[in-house]
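For what it's worth, our numbering labels the leading residue of the sequence shown as -17, then goes sequentially. Glycine is no exception: its CB is placed at the ideal position from the N, C-alpha and C atoms. Computed from a predicted model, the values in this text were never measured in an experiment. These notes are about the structure you will find just below.
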Amino acid sequence: MKRIGILTSGGDAPGMNAAIRAATRCALYNGMSVVGVNRGYQGLIEGDMFDMTSRSVGDIIQRAGTMLRSARSDEFMTDAGRRKALDQMSRHGIEGLVVIGGDGTFRGARALVDMGTPVVGIPATIDNDISLTDYTLGFDTAVNTAVDAITKIRDTASSHGRSNVIEVMGRDTGHLALAAGLAGGAEYILIPEVPYDLDAICEGVKAGYRRGKTHSIIVVAEGVGGYHSPDEPHHESIGFKIGEAVQERTGLETRVTVLGYIQRGGTPTARDRLLATMFGCKAVELLKDGQAAKVVGVVGDEIRVFDVDEVTATRKKVDLSLYNVAVMLSKV
C-alpha cells in the first residue's frame, strides 16, 4: 500500500490530533504518501482532501479538537453517498483509510470495507463507550477536565453550605460521570444505566448536612432518565430538573452547573497523547500489512487489534463495581 487517507468523524475528542500526527509520520516513514480528508465522511464524498507532509502535523500534539475537522454526513448513510466517496478515493489514489472516531465512524468504515476498501479504526470519544478497548482517546482528558471543575465548585460550595448539581456529558452511558464523580469526591453519581431514587438522594443530602457536611456534590450524566444531548432541539437539561427537585425537597440552596463543551476541549493529557501515538502507528502498520475492518485498542498496557464487527456489536457497559463503591461512600 502506497497511499492512505486519514479522517476524523463524529464528536471531537482530545487526542485526535495526536493520532493524526502519529499516523501521518509513521506512514511517511514507511514510504507511504498521506491524504488528509477534511470534515469526515462528508469531505470524503466531496473530495475535500489535501496531501499531508510531516510539517502538516507539526505543533498539533498538544492541541484538542481535530485539524481535519469533523462533520456528520447523512449522505454517507446512503449507497449513492458511499459510492461517491469511493469514487473520490479512487481519484485521489487512496488505497486504504484510517478513521478516527466512535461507533458511528466504525459503522461507516464497515460499509467501505464491504465495498472493497481497507479501513482501520482508532477509537476516539470522551464517552469511552467503545467495546473491547479499556480506553478511547479523549476520555482521560475529559475526566480530568470534569474533576478540575468539580474541585473548583466544591471550594465555593463549602463556603456557602450549598448543594451543587454538576451535569457532564454521557447521553447513553455513564463512564465519564462515574469516573469524574468518584475522582471528584461526589456524594451522588447519577448515570443512565442505573435507575435513581430522588427521594432517597434528597434524604441522604439532608442526612449529610446533619452529620456536619458543608456541601453536597451530585454528578449527573446528561442522558439520565431518558434525557438527551443539548445538541437536540427543545432539550431541557436533566441537571436543572434534578437541581430544582433537590432544592425544593431539602430546602437547601442548590446550584446547577452544566459543563457542556469544555469537556471536549483542553490540551490532551499525557495518557491520551501516548495512546494516540501508539494507536496511530498501529493503524498504519495494519494497513501496510494488508489488514482491513480492524479497530485498534488497549487492554491493560497492551495495544490490541479487534474486528470492527465485534467492536460495533455492543456498547461497552459501565463497571458497576465502581458504581457500588460510589454508593457505599455516599452512605457515611
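Fill in: As assigned by DSSP and simplified to three states, the class of Leu114
coil
Worksheet item: In whole angstroms, what separates the C-alpha of Val238 from that of Lys270?
Response: Those two C-alpha atoms are separated by around 50 Å.
Discussion item. I need the boundaries of the beta strand (DSSP E) containing Val187, first residue and last residue.
Written reply: Val187 -> not in any beta strand (DSSP E); alpha helix (DSSP H) instead, spanning Leu180 to Arg192.
Fill in: For Gly328, the three-state DSSP class (helix, strand or coil)
Outside the modelled stretch of the chain, which goes from -17 to 314, sits residue 328, for which no answer is possible.
Worksheet item: Between the beta-carbon of Asn(-1) and the beta-carbon of Arg37, is there less than 8 Å?
Response: Contact flag unset, no.
Worksheet item: Rounded to the nearest angstrom, how far is the Cβ of Val293 from that of Gly156, given a contact under 8 Å?
Response: 20 Å between Cβ atoms; not a contact.
Worksheet item: Per DSSP, Leu(-11) is paired with what?
Response: Val81
Discussion item. DSSP three-state label for Met34, please.
Written reply: strand
Fill in: Start-to-end residues for the beta strand (DSSP E) that takes in Arg144
No beta strand (DSSP E) holds Arg144; DSSP gives it neither H nor E.
Worksheet item: Exposed or buried, which one is Thr249 when buried takes at least 16 other CB atoms within 10 Å?
Response: exposed
Worksheet entry | Through-space distance from Val314 to Asp96, alpha-carbon basis | Asp96 and Val314: Cα-Cα distance of roughly 55 Å.
Worksheet entry | Residues near Pro212 by beta carbon distance below 8 Å, same chain, minus five either side | Interpretation of Pro212 is limited by its pLDDT of 47, a score under 50 that renders its predicted location unreliable; no figure is taken from the coordinates.
Worksheet item: How should Ala67 be labelled, buried or exposed, when 16 other C-beta atoms within 10 angstroms of its C-beta is the threshold for buried?
Response: buried
Worksheet entry | Where His142 falls, given that 16 or more other Cβ within 10 Å makes a residue buried | exposed
Item to complete: Determine the extent of the alpha helix (DSSP H) in which Ile108 is found, giving its start and end residues.
Response: Here Ile108 belongs to no alpha helix (DSSP H), and DSSP marks it neither H nor E.
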